[in-house]
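Let me begin by presenting the structure, written as C-alpha cells, before commenting on it.
Number of protein chains: 2
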Amino acid sequence: MSPRPKNPGRTDATRARLLDAAVTTFAERGFHGSTIRDIAGGAGLSTAALYVHYRTKEEVLYQISRDGHEETLALVRAAIASGGTPGERLERLFRDFTRYHAQAHTTARVINYELAGLEASHRAQVHAIRRRIEAEVQDLVRQGVATGEFDVTEPALTTTALLSLGIDIARWYREGGNWTPDELAERYAKLALRLVGASG
Amino acid sequence: MSPRPKNPGRTDATRARLLDAAVTTFAERGFHGSTIRDIAGGAGLSTAALYVHYRTKEEVLYQISRDGHEETLALVRAAIASGGTPGERLERLFRDFTRYHAQAHTTARVINYELAGLEASHRAQVHAIRRRIEAEVQDLVRQGVATGEFDVTEPALTTTALLSLGIDIARWYREGGNWTPDELAERYAKLALRLVGASG
DNA sequence: GTCTATAGCGGGATAGAC
DNA sequence: GTCTATCCCGCTATAGAC
Numbered sequence: 001m002s003p004r005p006k007n008p009g010r011t012d013a014t015r016a017r018l019l020d021a022a023v024t025t026f027a028e029r030g031f032h033g034s035t036i037r038d039i040a041g042g043a044g045l046s047t048a049a050l051y052v053h054y055r056t057k058e059e060v061l062y063q064i065s066r067d068g069h070e071e072t073l074a075l076v077r078a079a080i081a082s083g084g085t086p087g088e089r090l091e092r093l094f095r096d097f098t099r100y101h102a103q104a105h106t107t108a109r110v111i112n113y114e115l116a117g118l119e120a121s122h123r124a125q126v127h128a129i130r131r132r133i134e135a136e137v138q139d140l141v142r143q144g145v146a147t148g149e150f151d152v153t154e155p156a157l158t159t160t161a162l163l164s165l166g167i168d169i170a171r172w173y174r175e176g177g178n179w180t181p182d183e184l185a186e187r188y189a190k191l192a193l194r195l196v197g198a199s200g
Numbered sequence: 001m002s003p004r005p006k007n008p009g010r011t012d013a014t015r016a017r018l019l020d021a022a023v024t025t026f027a028e029r030g031f032h033g034s035t036i037r038d039i040a041g042g043a044g045l046s047t048a049a050l051y052v053h054y055r056t057k058e059e060v061l062y063q064i065s066r067d068g069h070e071e072t073l074a075l076v077r078a079a080i081a082s083g084g085t086p087g088e089r090l091e092r093l094f095r096d097f098t099r100y101h102a103q104a105h106t107t108a109r110v111i112n113y114e115l116a117g118l119e120a121s122h123r124a125q126v127h128a129i130r131r132r133i134e135a136e137v138q139d140l141v142r143q144g145v146a147t148g149e150f151d152v153t154e155p156a157l158t159t160t161a162l163l164s165l166g167i168d169i170a171r172w173y174r175e176g177g178n179w180t181p182d183e184l185a186e187r188y189a190k191l192a193l194r195l196v197g198a199s200g
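Chains A and B supply the protein sequences, listed in that same order.
Residue numbering for the first sequence follows UniProt numbering, beginning at 1 and increasing consecutively.
Residue numbering for the second sequence follows UniProt numbering, beginning at 1 and increasing consecutively.
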C-alpha cells in the first residue's frame, strides 16, 4: 500500500498524524473539498512529505475507509459472538454500533459519506466489507425471527432501517449536544428492540 | 437571486435543465467534485451560459437546497394539518416523507449531504428551514404523548431517530432495488409507529 | 441568451537539496 | 524523512462577438 520505512516507529506516528488531519478535513469539507495542503499542514508537514507515506490523496482516504470499516465489522462480530438470546445480542450490538458512530462521528462521517471519492477497486473492497456487516446483522435478525423473539416480516428491510439509525448519527451528532455517546447508545439500543418488535 | 430575464418562459426551462443537471452531478460526485462544465454540459450549454442564470456554482446549490427544503417542509405541514389522531397523522407524514426521500433520492442526497458546500448565510437560511421541519415533527410526537397514544420518554431523541430513518434513505436507495418508493413508504410508516410505541 | 476563447488562480503531484 | 520550489493541469469565472 505504501513504501516500507526503515524506521517504523517514527513513521507510524507520522502516518497517524496524517490520517488524523485527513479525517478532520475530509469530515468538514469532504474529500474533494480538502486539499493535500490541509492534510499535510494539519499534521505539521509539507505537502511533499505526505507523498513519502501515501502515493495519492485517494490512498489516504482508502486507508481511513478500510480501517474504519474493519473496525466496525469487528465490533459487530464481537457483539454477535458474545452469547445470549438474539434480543440480548442485538441490544449489545446496537449499543456498541451507536456508541461508535457518536464517539467517532468524524471518522464515521468520512467512511459512510465519502465512498464516492474512492477509486473503483478500492471502493469495491470497501463495499465488500459493508456487505459483510449487513449480512451479519441480517442474520441476527433472522435468528430472532426464528426463535419467535422478534416480530419482523421483512428482515432485509428491517436490517436496513437498523443500520440507518446508527449510520445517520454520523451526520447529525455534535460534541456538546444533548447526549453523550453512552447515553445515546443506551437509548438507541432500546429503539432497536422496538424496531424488531421485541420491546424489552 | 439571479438576473431578471426578458423572456421568462424560455429562461425558466433553461434553468430547470441546469438545476436538473446539477442535481445529478452533485448527487454523484458531491458539490466540490462537480465542475461547472458538468453542470452546463449536462444541460446542453457552455459554461459561460450558466452565468447568465446563476452568479456562482454555489448559487446553483443554494437554489436546489432551498427548493428541496421548502418542499419537504410543505409536505410535513400538509400531513400534520390533514387531521385525525396523532398516530394517523404520523403515519401519513412518514409515508409521504419516506416516499419523497426514495422517489427524489438524488435531490434528497444533495440537500441533506451537501450543506457544507453552501456559503455561510445561505447555510443559515437552510438550517432555519430544517429546524422548522424538526419542530413540526417533534410537536406531533409530543401531541401523541399527551393523548397517551405514543409511548415515548424523550420526544426530541425519538424525533431525531424518525427523521434519521427517512433522511438516510437518500444515502442507500437505488432505482431497481427491492422496494418501490410506495412499498417502502408503506413499510416505513409502520416502523415509525413502532418507534413511538404505537404499533398499529 | 448563447457562444468561443481565455484569464487567473489553486489544486495534485514531483525535483532535488539536506 | 523532510524541506523549498515548482511544474502543469483543470477549475471558476469573465471578455467580447453574435
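In this text, a Cβ means the ideal position worked out from N, Cα and C, and glycines have one as well.
Tell whether a beta-carbon distance below 9 angstroms holds between residue i and residue j.
| i | j | result |
| --- | --- | --- |
| residue 134 of chain B | residue 158 of chain B | no |
| residue 165 of chain A | residue 188 of chain A | yes |
| residue 116 of chain A | residue 29 of chain B | yes |
| residue 113 of chain B | residue 75 of chain B | no |
| residue 56 of chain A | residue 38 of chain A | no |
| residue 136 of chain A | residue 64 of chain A | no |
| residue 69 of chain A | residue 14 of chain A | no |
| residue 132 of chain A | residue 73 of chain A | yes |
| residue 191 of chain A | residue 90 of chain B | no |
| residue 77 of chain B | residue 185 of chain B | no |
| residue 9 of chain B | residue 32 of chain A | no |
| residue 50 of chain A | residue 19 of chain A | no |
Give the interface partners of residue i over in chain A, defined as CB-CB distance under 8 angstroms, in chain order.
| i | result |
| --- | --- |
| residue 113 of chain B | 113, 171 |
| residue 206 of chain B | Summary: the structure shown does not reach residue 206 of chain B, with chain B confined to residues 1 through 200, and so no result is reported for it. |
Rounded to whole angstroms, what is the Cα-Cα separation between residue i and residue j?
| i | j | result |
| --- | --- | --- |
| residue 40 of chain B | residue 121 of chain A | 30 angstroms |
| residue 193 of chain A | residue 45 of chain B | 52 angstroms |
| residue 66 of chain A | residue 140 of chain A | 24 angstroms |
| residue 82 of chain A | residue 88 of chain A | 9 angstroms |
| residue 175 of chain A | residue 12 of chain B | 43 angstroms |
| residue 48 of chain A | residue 145 of chain A | 55 angstroms |
| residue 22 of chain B | residue 86 of chain A | 45 angstroms |
| residue 181 of chain B | residue 102 of chain B | 5 angstroms |
| residue 106 of chain A | residue 71 of chain A | 15 angstroms |
| residue 153 of chain A | residue 172 of chain B | 21 angstroms |
| residue 128 of chain A | residue 151 of chain A | 29 angstroms |
| residue 58 of chain B | residue 123 of chain B | 11 angstroms |
| residue 138 of chain A | residue 130 of chain A | 12 angstroms |
| residue 27 of chain A | residue 183 of chain A | 23 angstroms |
| residue 126 of chain B | residue 111 of chain B | 9 angstroms |
| residue 177 of chain B | residue 104 of chain B | 14 angstroms |
Against residue i, what residues of chain A qualify as contacts under a CB-to-CB distance less than 7 angstroms, listed in chain order?
| i | result |
| --- | --- |
| residue 55 of chain B | Those do not exist, as residue 55 of chain B stays about 20 angstroms from chain A at its closest Cβ, beyond 7 angstroms. |
| residue 22 of chain B | In chain order: nothing, as chain A lies at least about 15 angstroms away. |
| residue 187 of chain B | 154, 157 |
Does the beta carbon of residue i sit closer than 9 angstroms to a beta carbon anywhere in chain B?
| i | result |
| --- | --- |
| residue 75 of chain A | no |
| residue 168 of chain A | yes |
| residue 123 of chain A | no |
| residue 127 of chain A | no |
| residue 31 of chain A | yes |
| residue 184 of chain A | yes |
List, in order along the chain, the chain B residues whose C-beta lies closer than 8 angstroms to that of residue i?
| i | result |
| --- | --- |
| residue 130 of chain A | Ordered by position in chain B, no residue passes the 8 angstroms Cβ test against residue 130 of chain A, which lies about 10 angstroms from the chain. |
Which residue wins for smallest C-alpha separation from residue i, given the options the options?
| i | options | result |
| --- | --- | --- |
| residue 201 of chain A | A:167, A:143, A:19, A:123 | Absent from the structure is residue 201 of chain A, since the part of chain A shown begins at 1 and ends at 200. |
| residue 148 of chain A | A:36, A:47, A:197, A:129 | A:197 |
| residue 109 of chain A | A:155, A:50, A:169, A:119 | A:169 |
| residue 60 of chain A | A:78, A:35, A:72, A:77 | A:35 |
| residue 16 of chain A | A:124, A:43, A:137, A:80 | A:43 |
| residue 62 of chain B | B:103, B:118, B:71, B:183 | B:118 |
| residue 179 of chain B | A:27, A:156, A:126 | A:156 |
For chain A, is any of its Cβ atoms less than 9 angstroms away from the one on residue i?
| i | result |
| --- | --- |
| residue 229 of chain B | The structure shown does not extend to residue 229 of chain B, since chain B is modelled only from 1 through 200, so no value can be given for it. |
| residue 164 of chain B | yes |
| residue 202 of chain B | The structure shown does not extend to residue 202 of chain B, since chain B is modelled only from 1 to 200, so the question has no answer here. |
Name, please, each residue of chain A whose Cβ falls closer than 9 angstroms to the Cβ of residue i.
| i | result |
| --- | --- |
| residue 42 of chain B | Under the 9 angstroms cutoff, chain A gives no residues; its nearest Cβ is about 17 angstroms from residue 42 of chain B. |
Using the beta-carbon of each residue, which ones in chain B are nearer than 9 angstroms to residue i?
| i | result |
| --- | --- |
| residue 28 of chain A | 116 |
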